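K.L.:
I have a structure here, written as structure tokens, and I will follow up with some questions on it.
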DNA sequence: TACATTTACGTAAGTACTTACAAATATACG
DNA sequence: CGTATATTTGTAAGTACTTACGTAAATGTA
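Chains as they are written, first to last, in the numbering used here: chain A, 1 to 317; chain B, 318 to 634.
Here it is in structure tokens:
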């Protein structure tokens with residue numbers, strides 16, 4: 001059972017489940033000790049109905065933090081046991097208003113007694129420990145309500161990943177990566193056009209030798225992103241061939257590439273960046289917008305079929 | 318959601334489950350963040366197989382605190398995903414030895430990375446709170462391993478019940494209770510005999526007026542137990558008509574009645590108590606033994622068919 | 001060496017919830 | 001006032017485990 005020790009808090013979820021299952025099993029024993037005709041899993045619903053009568057299913061569900069479906073099923077059982085009765089709501093016929101039957105009323109005092117005993121036992125248990133589980137649970141729920149575990153983990157991963165992402169300049173040996181990364185997404189959404197193949201197969205000839213630049217992003221020893229700057233007229237560069245591998249998306253690599261490309265453009269004396277894209281590519285457009293690009297209509301006609309939106313970023317001086 | 322506040326620690330189990338479900342849901346999100354072809358519920362098994370290769374199913378189950386059936390099912394899934402491979406044990410053909418495939422090996426580093434990130438996030442989360450959940454869980458598991466919740470609750474209930482159990486002397490208005498309590502168990506195990514009916518219907522005539530005594534136990538306003546002392550020859554009294562209502566069993570009422578009867582017999586100058594019972598009634602025999610009764614063969618023939626064992630308790634002087 | 005018992009495992013079914021979907025009723029909107 | 005949308009509930013199916021049970025292999029016993 002050293003699994004939990006080895007893993008430590010990374011197994012917090014599993015450990016919580018294990019203890020909760022243990023408590024559930026214990027609860028079953030406690031119930032058999034008292035002679036109450038109520039099963040442990042019915043308790044929350046029964047408790048709410050007993051303390052606040054005439055509640056509809058939905059409200060009970062909200063009170064105990066379960067779904068209406070679960071409550072509906074438990075109520076069905078309780079009706080079968082003749083512990084509660086269900087009536088249509090008076091004002092709203094959709095509602096199922098639940099209240100105790102005579103048998104339910106009769107069972108309530110014993111159940112209250114049992115609950116009081118369990119509470120006393122648990123409270124004693126909690127004072128036996130140095131770290132109070134009840135308070136810890138409350139604090140943990142509060143902390144998670146402020147920021148979920150998933151987003152906390154993501155923040156840590158992103159921070160770690162940032163240190164492992166490197167933006168490097170093109171070199172001929174990267175041509176296969178450059179082609180693969182671009183072909184991957186183009187073929188997913190559109191189809192490769194002749195203009196694509198020329199640039200992807202011969203980036204040296206069609207981009208570098210014409211005064212352009214290509215940047216690549218590496219992560220954990222693999223090439224996971226690219227983008228290119230291609231000179232146009234009037235101190236304008238086109239930002240093109242922006243691609244990030246699906247396996248590396250969500251790491252902010254597009255942003256890093258974009259920023260690096262803008263910095264490179266500035267250092268080349270560019271006054272303006274221009275790009276073409278497609279409105280189907282929502283995440284890409286949102287990235288461009290965050291980088292400062294805005295929609296324009298002044299661009300030249302595109303050689304690519306798939307382009308239906310043009311954007312620009314004025315760099316000032 | 319004031320259900321948990323109202324109930325307090327009595328709802329500890331439910332609250333644990335709720336948080337564990339929340340964590341499970343968060344885990345699913347975390348997994349989708351990393352591009353690992355492993356589902357959250359596979360993790361424990363995968364982890365053990367990755368860190369300690371060539372483990373049979375049973376050992377994996379023990380390490381992660383689940384049943385072998387659960388592990389068997391997860392392994393089946395993992396085999397379908399080509400993440401692990403199963404071989405027959407070399408020395409023991411019953412064993413299913415599990416090890417990682419190449420694909421599993423390939424997924425392992427990412428999973429390790431993810432685990433490290435989750436651990437870091439959770440550790441940060443734990444230091445954010447005043448009461449450390451991880452330590453509290455450990456302490457709670459330890460406390461429960463020393464004494465289960467059920468037995469703690471039972472101790473509290475018994476203590477409370479002891480104050481509510483009263484042993485009182487017979488009065489004519491208790492005749493229906495006296496009859497009901499005895500008839501209840503006799504009819505459950507045997508059948509009512511003529512000798513029973515005489516004593517149960519007319520205790521005044523057949524017991525009290527012959528110098529005998531009847532004790533009753535009341536609990537929460539109800540009569541839940543009886544026993545009788547019937548004079549025999551030679552300063553011997555028969556302990557008879559011992560009965561405790563099934564709904565009140567486990568509260569030590571039999572013990573209280575027995576002790577009261579022994580005290581009463583002493584005060585009457587009895588030198589010996591005698592009783593007849595049946596070997597089918599194991600709990601009753603164990604109670605008599607605890608009260609000091611021992612098996613004997615010296616008794617007179619019983620007027621009751623159901624009796625096949627005789628016991629006595631010498632009171633000394 | 002034969003036979004009963006124990007051990008290891010897989011499969012089926014149960015459990016206590018969930019999500020997904022469907023039906024009935026209530027409300028909003030032109 | 002009719003129709004679209006929202007709300008409330010019940011039912012079915014899924015989930016991630018469990019318990020129960022059956023089979024095969026190993027072990028103990030006479």
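Glycine residues also receive a C-beta, built at the ideal position from the N, C-alpha and C atoms. In this text, all values refer to a predicted model and were calculated from it rather than measured experimentally.
Strictly by DSSP, which residues pair up with residue 169(A)?
P.N.:
According to DSSP, residue 169(A) bridges with 215(A).
K.L.:
Counting only runs that start and end within the segment 64-144 of chain A, where is the beta strand (DSSP E) found for 3 or more residues in a row?
P.N.:
List check, beta strand (DSSP E) in window: 84-88 and 96-100.
K.L.:
Taking CB distances under 9 Å as the criterion, tell me whether residue 469(B) reaches chain A.
P.N.:
With 9 Å as the cut-off, residue 469(B) counts as an interface residue toward chain A.
K.L.:
With a threshold of 9 Å between beta-carbons, can residue 350(B) be considered close to chain A, or not?
P.N.:
Interface residue, yes.
K.L.:
Could you tell me whether any Cβ in chain A is nearer than 9 Å to the Cβ of residue 474(B)?
P.N.:
So yes, residue 474(B) belongs to the interface.
K.L.:
State yes or no: is the beta carbon of residue 448(B) nearer than 9 Å to at least one beta carbon in chain A?
P.N.:
By this cut-off, residue 448(B) is an interface position.
K.L.:
Comparing the CB of residue 99(A) with every heavy atom of the ligand HEM, is any distance shorter than 8 Å?
P.N.:
Among the ligands in the structure shown, none appear at all, so the ligand HEM cannot be discussed.
K.L.:
Would you say residue 436(B) lies against chain A (beta-carbon separation less than 9 Å)?
P.N.:
Closer than 9 Å to some Cβ of chain A, the Cβ of residue 436(B) qualifies, so yes.
K.L.:
Quick test of your reading: residue 450(B) and residue 136(A), contact by CB under 8 Å. State the CB separation rounded to the nearest angstrom.
P.N.:
At roughly 4 Å, the Cβ-Cβ gap stays under 8 Å, so residue 450(B) and residue 136(A) are in contact.
K.L.:
Using 9 Å as the limit for Cβ to Cβ distance, is residue 141(A) near chain B?
P.N.:
It does; some Cβ of chain B falls within 9 Å.
K.L.:
Name the two residues that bound the continuous alpha helix (DSSP H) containing residue 45(A).
P.N.:
Where residue 45(A) is concerned, the enclosing alpha helix (DSSP H) stretches over 43-51.
K.L.:
Could you compute how far the alpha carbon of residue 312(A) sits from the alpha carbon of residue 255(A)?
P.N.:
Residue 312(A) and residue 255(A): Cα-Cα distance of roughly 16 Å.
K.L.:
When you compare only the Cα positions, how much space is there between residue 196(A) and residue 419(B)?
P.N.:
Distance between the alpha carbons of residue 196(A) and residue 419(B) is about 36 Å.
K.L.:
On the DSSP letters alone, give me the boundaries of the alpha helix (DSSP H) that residue 327(B) sits inside.
P.N.:
Element bounds for residue 327(B): n/a, residue is neither H nor E.
K.L.:
For residue 305(A) versus residue 273(A), is the C-beta spacing smaller than 9 Å?
P.N.:
Contact flag unset, no.
K.L.:
Quick check on this structure: which residue in 169(A), 266(A) and 141(A) has the alpha carbon closest to the alpha carbon of residue 16(A)?
P.N.:
Considering only alpha carbons, the answer is 141(A).
K.L.:
To the nearest whole angstrom, what separates the beta carbons of residue 285(A) and residue 189(A), a pair I think is in contact under 8 Å?
P.N.:
Contact doesn't hold; Cβ gap of about 13 Å is too wide.
K.L.:
According to DSSP, is residue 283(A) helix, strand or coil?
P.N.:
If DSSP states are grouped into helix, strand and coil, residue 283(A) belongs with the helices.
K.L.:
Mapping the DSSP letters down to three states, classify residue 306(A) as helix, strand or coil.
P.N.:
It is coil, neither helix nor strand.
K.L.:
Just verifying my parser: in three-state terms, what is the DSSP assignment at residue 549(B)?
P.N.:
Coil.
K.L.:
Go ahead and label residue 594(B) buried or exposed: buried means 16 or more other beta carbons lie within 10 angstroms of its beta carbon, across all protein chains shown.
P.N.:
Looking at its Cβ environment, which holds 16 or more other Cβ atoms inside 10 Å, residue 594(B) is buried.
K.L.:
Give a yes or no on contact between the segment 28-39 of chain A and the segment 104-120 of chain A, applying the rule of three or more CB pairs nearer than 8 Å.
P.N.:
Touching, per the Cβ criterion.
K.L.:
Can you tell which of 219(A), 98(A) and 63(A) has its C-alpha closest to the C-alpha of residue 77(A)?
P.N.:
Looking at the Cα atoms, 98(A) is the closest of the given residues.
K.L.:
Which residues in chain A sit within 7 Å of residue 361(B), going by Cβ to Cβ distance?
P.N.:
Result: 3 and 14.
K.L.:
Residues of the segment 371-384 of chain B in Cβ contact with chain A at a cutoff of 8 Å, in chain order, please.
P.N.:
Against chain A - using a Cβ distance shorter than 8 Å - the residues of the segment 371-384 of chain B are 379, 380, 381 and 382.
K.L.:
Does residue 283(A) have its Cβ less than 9 Å from a Cβ in chain B?
P.N.:
Cβ-Cβ to chain B under 9 Å: no for residue 283(A).
K.L.:
Name the chain A residues whose beta carbon is nearer than 9 Å to that of residue 334(B)?
P.N.:
Here the neighbours are 16, 17, 20, 21, 23 and 24.
K.L.:
Quick one: is residue 564(B) near chain A, going by C-beta distance under 9 Å?
P.N.:
Yes, contact with chain A.
K.L.:
Under three-state DSSP, which class holds residue 147(A)?
P.N.:
Here residue 147(A) sits in coil by DSSP.
K.L.:
Using only alpha-carbon positions, find the residue among 361(B), 324(B) and 346(B) that is nearest to residue 6(A).
P.N.:
Of the listed residues, the one whose Cα sits closest to residue 6(A) is 361(B).
K.L.:
Locate the beta strand (DSSP E) running through residue 245(A), then write down its first and last residues.
P.N.:
Residue 245(A) -> no beta strand (DSSP E), and no H or E assigned at all.
K.L.:
Identify the continuous alpha helix (DSSP H) that holds residue 192(A) and give its terminal residues.
P.N.:
Neither: residue 192(A) is in no alpha helix (DSSP H) and is coded neither H nor E.
K.L.:
Grab the span of the beta strand (DSSP E) containing residue 574(B) for me, first residue to last.
P.N.:
No beta strand (DSSP E) contains residue 574(B), which is instead part of the alpha helix (DSSP H) from 570-584.
K.L.:
With distance defined between alpha-carbon atoms, name the residue in 217(A), 3(A) and 232(A) nearest to residue 206(A).
P.N.:
Out of 217(A), 3(A) and 232(A), 232(A) has the C-alpha closest to the C-alpha of residue 206(A).
K.L.:
If we ignore side chains and look at the alpha-carbon of each, how far apart do residue 381(B) and residue 28(A) end up?
P.N.:
In a straight line, the C-alpha of residue 381(B) is about 24 Å away from that of residue 28(A).
K.L.:
If you measure between the beta carbons of residue 209(A) and residue 248(A), is that distance less than 9 Å?
P.N.:
No.
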